[in-house]
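K.L.:
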Amino acid sequence: MKAEARFQELLGSTRKVAIEALYELFDGLEAIDTPFMLGEWEGGVFNTGHPGEQQLEGLRWVGKTFHGENDVDPIVSRTADGGREANPVLGKATLRFVRYRGVSTATMVYDQHPVYDHFRKITSGLVLGVMDRKGETLPLFFYLRKV
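Here the sequence shown stands for residues 1 to 147, where the numbers follow the UniProt record's numbering.
1) Let's test the definition: count the other Cβ atoms within 10 Å of the Cβ of M108 and tell me whether it reaches 16, buried, or not, exposed.
2) Which one or two residues does DSSP pair with V130 in a beta bridge?
3) Can you list the alpha helix (DSSP H) stretches of 4 or more residues lying completely in the segment 54-107, in chain order?
4) Compute the Euclidean distance between the alpha carbons of H118 and V103, then round it to the nearest angstrom.
5) Classify T14 as helix, strand or coil using the three-state DSSP reduction.
6) Span of the beta strand (DSSP E) holding E42?
7) Rounded to the nearest angstrom, how far is the Cβ of V89 from that of R78, given a contact under 8 Å?
8) Using DSSP with H/G/I as helix, E/B as strand and the rest coil, what is T123?
9) Could you tell me which of F26, V72, R15 and T14 sits nearest to F7, measuring between CA atoms?
10) With burial defined as no fewer than 16 other Cβ atoms inside 10 Å of the residue's Cβ, what is the status of P74: buried or exposed?
In structure tokens:
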């Protein structure tokens with residue numbers, strides 16, 4: 001099955017999505033360079049039971065904005081009028097090239113928190129991300145679509 005079709009299948013699941021299935025998809029995807037991530041991205045999460053899923057919903061999280069490698073808004077929230085605004089709750093982040101699960105790929109590193117978001121390419125406008133947080137064993141899987 002092609003990666004995009006598998007992504008859609010997992011995203012459309014009405015049940016919790018198995019972490020193993022998401023890692024299988026992630027591991028088969030192409031690594032990306034940091035410039036690929038520049039710009040605005042709309043996002044969503046997979047239903048795996050990770051507590052961060054509800055936290056992001058509470059923040060009205062809709063994506064990320066990569067202004068440059070040293071200037072990233074990791075939490076962009078939906079405003080009351082339907083717009084987008086950087087939410088300062090988790091501060092800023094940087095974009096780096098980091099090895100994760102045996103592959104070096106674009107990774108967002110929070111400036112003030114031990115959190116890494118690793119990205120792999122599904123299509124030219126769609127990436128799969130996995131949040132790796134120090135001290136947590138359950139990863140948070142999410143996706144971003146280029147705006």
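Glycine included, every Cβ here is placed at the ideal spot set by N, Cα and C.
These numbers come from a predicted model, not from an experiment.
P.N.:
On the basis of the coordinates in this document:
1) buried
2) H118 and F141
3) none
4) 10 Å
5) coil
6) G39 to V45
7) About 14 Å; that fails the 8 Å criterion.
8) strand
9) F26
10) buried
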